[in-house]
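Student: In my numbering, the protein residues as written are 1 to 379. Every residue gets a Cβ at the ideal spot worked out from N, C-alpha and C, and that includes glycine.
1. Would you identify the three-state DSSP class for residue 75, choosing helix, strand or coil?
2. Please name the residue or residues paired with residue 34 in a DSSP beta bridge.
3. Going by other Cβ atoms of all chains shown within 10 Å of its Cβ, with 16 needed for buried, is residue 239 buried or exposed?
4. Quick one: residues in its chain with C-beta nearer than 8 Å to the C-beta of residue 129, no 5 flanking neighbours on either side, listed in chain order?
5. To which residues does DSSP link residue 24 through a beta bridge?
6. Can you check which of these residues, 234, 208, 222, is closest to residue 279 by C-alpha distance?
7. May I ask you to verify whether the segment 133–142 touches the segment 32–46, counting CB pairs closer than 8 Å and requiring at least 3?
8. Please report the straight-line C-alpha distance between residue 242 and residue 194, rounded to a whole angstrom.
9. Could you give the DSSP three-state label for residue 91: helix, strand or coil?
10. If contacts are defined as beta-carbon pairs under 8 Å, then residue 153 and residue 147 qualify, I think. What distance do you get, rounded to the angstrom?
11. Return the chain-ordered list of same chain residues with a C-beta closer than 7 Å to the C-beta of residue 196, the five sequence neighbours on each side being excluded.
12. Is DSSP giving residue 146 helix, strand or coil here?
13. Would you identify the three-state DSSP class for residue 158, choosing helix, strand or coil?
14. Between which two residues does the beta strand (DSSP E) containing residue 100 stretch?
15. Do residue 212 and residue 142 have their beta-carbon atoms positioned less than 8 Å apart in this structure?
16. Pairing CB atoms from the segment 248–264 with CB atoms from the segment 108–120, are three or more of them under 8 Å?
17. For the alpha helix (DSSP H) containing residue 278, name the first residue and the last one.
18. Determine the direct distance from the alpha carbon of residue 281 to that of residue 383, and round the result to whole angstroms.
19. Please name the residue, chosen from 156, 160, 96, 11, that lies closest to residue 36 on a Cα-to-Cα basis.
20. Give the secondary structure of residue 140 by DSSP, where H, G and I count as helix, E and B as strand, and everything else as coil.
21. Just curious, the alpha helix (DSSP H) that residue 235 is in, first and last residue?
22. In three-state DSSP terms, what is residue 10?
23. What's the call for residue 6, buried or exposed, on a 16-neighbour Cβ count within 10 Å?
24. Can you tell me whether residue 218 is buried or exposed? The criterion is at least 16 other CB atoms within 10 Å of its CB, across all chains shown.
25. Taking just the CA atoms, how far does residue 115 sit from residue 104?
26. Candidates 85, 59, 119: which alpha carbon is nearest residue 29's?
27. Could you tell me the distance, in whole angstroms, from the CA atom of residue 189 to the CA atom of residue 222?
28. Looking only at DSSP bridge pairs, what is residue 82 linked to?
29. So if DSSP puts residue 380 in a beta bridge, which residue, or which two residues, is it bridged to?
30. May I ask which residues mark the beginning and end of the alpha helix (DSSP H) holding residue 195?
31. Give me the residue from 220, 62, 253, 61 with the minimum Cα distance to residue 287.
32. Looking at residue 269: is its Cβ nearer than 8 Å to the Cβ of residue 203?
33. Using a Cβ-Cβ cut-off of 7 Å (strictly less than) and excluding sequence neighbours within five positions of residue 393, which residues of its own chain qualify?
34. Taking the CB atoms as reference points, tell me whether residue 263 and residue 271 lie closer together than 8 Å.
35. Can you say whether residue 256 is buried or exposed, counting buried as having 16 or more other CB atoms within 10 angstroms of its CB?
36. Under 8 Å between the Cβ atoms of residue 97 and residue 149?
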């Protein structure tokens, strides 16, 4: 086993000088290093411990490097190189600044709806690239969604393809477990991933994205409390209970968004979104609806019209478009209207000035009706 403390200053793969340890766990360690010739800063993921000597674990690690290198999306972490450091496999990746979505939630708690939806929508875009290559991620969770960058401009990156299922390379019936343990994180595993891991397809990732979105906006898992220490309880709930609607926890969640989340979490695959592209389109639609400016009276496209009625570009109904003439038998009144309206020539419709000043049009129509009535009544 390679101890992290002994890696500082080490030359990995004969090319990368380790500068510091970024993090790690029982199975791997992540290092910041620099290419000795190009002086390019990179991140190195090094498999360590007993798993580094296990053929199955090393094989999955190499698979992760190959899958990541094949993918091409701004929402997937880029992999540049892979190799062996002693008896431990490693991969070289782009060095990211920022924090995981899990760390972001620990710092801030549940995120605003628009921000949360945007993060999951971008995750869909990265996962779609994997699915287009016949790859199911199988371990989508906040810890594997990285917010790269600082300030207001951050890019979502999907990490960790170590247990991804390459549909075109995994042999039928091949075991996808480590010993007797399932691969994946219980709170984000779809029913079929629990029941029959070999049967998972792209819709399992849709389920996990729905679970992530539920957690990010409510602060709790869709099946109750954070119960990651008791996988059996989580599995029983996922297989037998309905997910808790997000609005039970956060009443401000829009009904449309809640329906999107619950559709992702449907127990039957046919009832979910059938692809992450379809899910991304639904999330885009929600974002567009919530950011669209409220309609105003001045928007003529939103005003109802009746047959024979015209809408002024400023949103004022001008009334009948049938030919009309203002009756003004007395010269004085006609002259006054002529001064005010600039143009009293009529063929059909309203004079130009009337169209520019609707309140004058209304006044002229009233006065014309009065005058016409007087003319009819007068002996």
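Tutor: Based on what the coordinates show:
1. coil
2. 17, 41
3. exposed
4. 71, 72, 73, 75, 76
5. 29
6. 208
7. no
8. 16 Å
9. strand
10. With a Cβ gap of about 11 Å, residue 153 and residue 147 do not count as contacting.
11. none
12. strand
13. strand
14. 98–100
15. yes
16. yes
17. 276–291
18. The structure shown does not extend to residue 383, since the chain is modelled only from 1 to 379, so the question has no answer here.
19. 11
20. coil
21. 231–240
22. coil
23. exposed
24. buried
25. 12 Å
26. 85
27. 12 Å
28. 91
29. Since the first and last residues shown for the chain are 1 and 379, residue 380 lies out of range.
30. 191–195
31. 253
32. yes
33. In the structure as shown, the chain starts at 1 and stops at 379, and residue 393 therefore has no counterpart that could be examined.
34. yes
35. exposed
36. yes
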